[in-house]
Structure formats: structure tokens, C-alpha cells
Amino acid sequence: MSKKTRALGRNKRHLRVRKRLSGTQERPRVSLFRSNKNIYLQLIDDSEGKTLASASSLKSDNKSINKDLSKKLGIEFGEKISKLGIKKVVFDRGGYLYHGKVAAIADGIRQSGIEV
């Protein structure tokens, strides 16, 4: 499968998932983007179109991101969310399969006390 068709397939999946998900002020959306080297997370209130919090693996000294580091990133992001006083979020997997690093991030957010 070529690079172009893989990216188009992910975008199609992402749009298909996004049309069913929407973040509100009480229950914002956690958006995930995974590049080849890093992972980026955003907490988005779609009703106002604002990003409330963000986190990424850019600050990490490790060259590669594995499931353990993904879980730590999820825990750190969950702590940021709880400082904002938010207890529930909607998880937007961004067109990626809910497996491996994506599932580890969601587990880390849950482990920090946020309902996903």
C-alpha cells in the first residue's frame, strides 16, 4: 500500500469517526495524532472551538515511543485534565486502530481518574 493511500485511508476513517463525536464544555474531546516519531494530544471544546490543554512526546528524551511511554503520556495528560476540573472526556482516536499505543494512552488517561 502506498504512502498516499494509507494517509487517505486514515483521513477517511478519522472523518467517519469525527462526524459522530463532538466535545462540549462539560465533556471535551481528546484528539490524538500519531506521527512516525511523536504523539500529540489535545483537549478540545468543539462548541467554542477552543483547545483547553495539550501534551506531546516532544519533550521526551527517548528517540522512539513505545507503549510504556504512551501510557506515561496519557497519565500526564490525565493529570492536566483533572487540574482543569474535568471528570469526563470523549476519546477521538484520530482514525487509528484502538490498539497498542492508542489504547495505552486511553488507559493512562483512565488511570489518572478521568472517565473516557
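Residue numbers for the sequence shown follow the working numbering, beginning at -4 and rising by one.
Built from N, CA and C at the ideal position, the CB exists for glycine as well.
These figures come from a predicted structure and were not determined experimentally.
- Here G90 is buried: its Cβ has 16 or more other Cβ atoms, across all protein chains shown, within 10 Å.
- From the listed residues I76, I60, P23 and A50, the smallest Cα separation to D41 is found for P23.
- Remark: fewer than three beta-carbon pairs, one from each stretch, lie closer than 8 Å, so the segment 40 to 54 and the segment 91 to 99 are not flagged as touching.
- Within the segment 42 to 77, the runs of beta strand (DSSP E) that reach at least 3 residues and sit entirely inside it are, in chain order, 45 to 51.
- Annotation for I39: the continuous beta strand (DSSP E) segment containing it runs I34 to D40.
- Spanning the alpha carbons of S30 and K67 requires a straight line of approximately 17 Å.
- For R29, there is no enclosing alpha helix (DSSP H); the residue is part of the beta strand (DSSP E) that begins and ends at R24 to R29.
- Here DSSP, grouped into helix, strand and coil, assigns V111 to coil.
- Under the three-state reduction of DSSP, K14 is assigned to coil, being neither helix nor strand.
- Q20 is classed as exposed because its beta carbon has fewer than 16 other beta carbons within 10 Å across all chains shown.
- With 16 or more other Cβ atoms from the protein chains shown falling within 10 Å of its own Cβ, D87 counts as buried.
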